[in-house]
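Residue numbers (the numbering used here): 130 to 434.
Since the structure comes first, as structure tokens, the remarks are kept for the end.
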Amino acid sequence: KRARPNAVIVLSLLVVALFAAIVVGLDLGSTQMTVSRLAATLVGHGYWADNLVIFQIRMPRLIVGMLIGAGLSVAGVVLQGLTRNDLASPGTVGVSGGSGLGMTFLLVMYPTAATTMPMLLPAGAVVGALLVTGLVFALSYRHGIILPARLLLVGIAFGYGAHAAMLLFSLRMNYVTYNYVLTWLAGTLGSADWKAIQMLLPCCTVLLPIAWSRARVLDAFALGDYAAASLGVAVHRERLFLLGVATLITSACVAIGGHVAFLGLVAPHIARRLIGHRHALVFPAAALCGSTLLLVADTLGRHLF
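Given below as structure tokens:
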């Protein structure tokens, strides 16, 4: 079916809002630029200092922010669709906590991993997220069915337990590594660079379309497990597959940007309010909302005070 005209309009307005957030993020800073000066720099006719500010500082930060915002928002859509629980998110089901726990454990074992082995941190985040999320979902099963309320309670408990373990591990860290973990817990784009984009971009370009391709499966899950099975959906296989996709997306985003807790919960709800409940439309709307929200929040955080 074709998208309704109002859905096309909403998606177009979200694209415009994201573009505006990008332009404002590129322009604002300790070195402010006019629109003509910014345009000249983007097409390769800027001054050396402007090229440094735009292409080495601001643009990598914006690209990482867009990727993380889209990734966490899509993961939130998947988890809310799988559990039929509006409070589900990467934070409340333990994915973010498991990612942070795996990364913190690596930093305790190898304090210089953040600088000498940056590719090792996402791997540790993935392993930690898979372990914690697997435990959460295993404890949430009863008679072959995931109980949404039980999933939420178990996920919150494991999330707090993971954060407590991170603080316990941090007592064994040196000053530099400890500050790195504290910054991660707060969530930051300050460490964004082109290397971070190289790590994050392949994950997002592969996994986000895979999640989007399961839009009809999530529409079937909204009717309940038995109804989804009667429609030909392999319920257990699809749930495990989508859970793995959401976990991989979240762990990659968390390893780069830290624990940005609000996006995976808020962006899907905003998208549904704007565009309805069809997941084929909710996925792109949530990705655009999440990217815009994170860029606006980062810009305000850098300049408001």
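For every residue, glycine included, the Cβ atom is placed at its ideal position computed from N, Cα and C.
Check	Outcome
Close-in-space but distant-in-sequence residues of the same chain around L337 (CB under 6 Å, 5 per side omitted)	V203
Segments of 4+ residues assigned as alpha helix (DSSP H) that fall wholly inside the region 169–195	177–181
Same chain, Cβ closer than 8 Å to T221, five either side skipped, listed in chain order	L281, G284, I285, G288 and L394
Rounded distance between the beta-carbons of L230 and A217, thought under 8 Å	In fact, because the Cβ distance is near 19 Å, the residues do not count as touching under 8 Å.
For G373 and M328, the rounded distance between their alpha carbons	18 Å
Cβ neighbours of W379 in the same chain (closer than 8 Å, five flanking residues each side left out)	Residue identity differs from the one stated: residue 379 is Thr in this sequence, not Trp. The answer, listed in chain order, is G200, L201, A204, P219, V224, S225, S228, A258 and G393.
Beta-carbon contacts of L71 that lie in its chain and below 8 Å, excluding the five residues immediately before and after	Since the displayed the chain opens at 130 and closes at 434, residue 71 lies outside it and no answer follows.
Under the three-state DSSP convention, the category Y289 falls into	helix
Check whether G263 and T317 have beta carbons under 7 Å apart	no
Cβ neighbour criterion (16 or more within 10 Å) applied to T421	buried
Opposing strand residues paired with Y355 [DSSP bridges]	Looking at the DSSP assignment, Y355 forms no beta bridge with any residue, so it has no partner.
Burial state of S269, where buried means 16 or more other Cβ atoms lie within 10 Å	buried
Contact check, I404 vs V139, beta carbons under 7 Å	yes
Simplified DSSP state of Y307, which is helix, strand or coil	helix
Closest by C-alpha distance to A315, when choosing among V389, A396, T170 and R187	V389
CB contact flag (A178, V383, <7 Å)	no
Straight-line Cα distance separating V261 from H365	19 Å
G200: CB within 6 Å of a non-hydrogen atom of the ligand PLP	Among the components modelled here there is no ligand, and therefore nothing to report on the ligand PLP.
Bounding residues of the alpha helix (DSSP H) (the contiguous stretch that carries T428)	H408 to H432
Three-state class that DSSP yields for R279 in the structure shown	helix
Helix, strand or coil at R343 [DSSP, three-state]	coil
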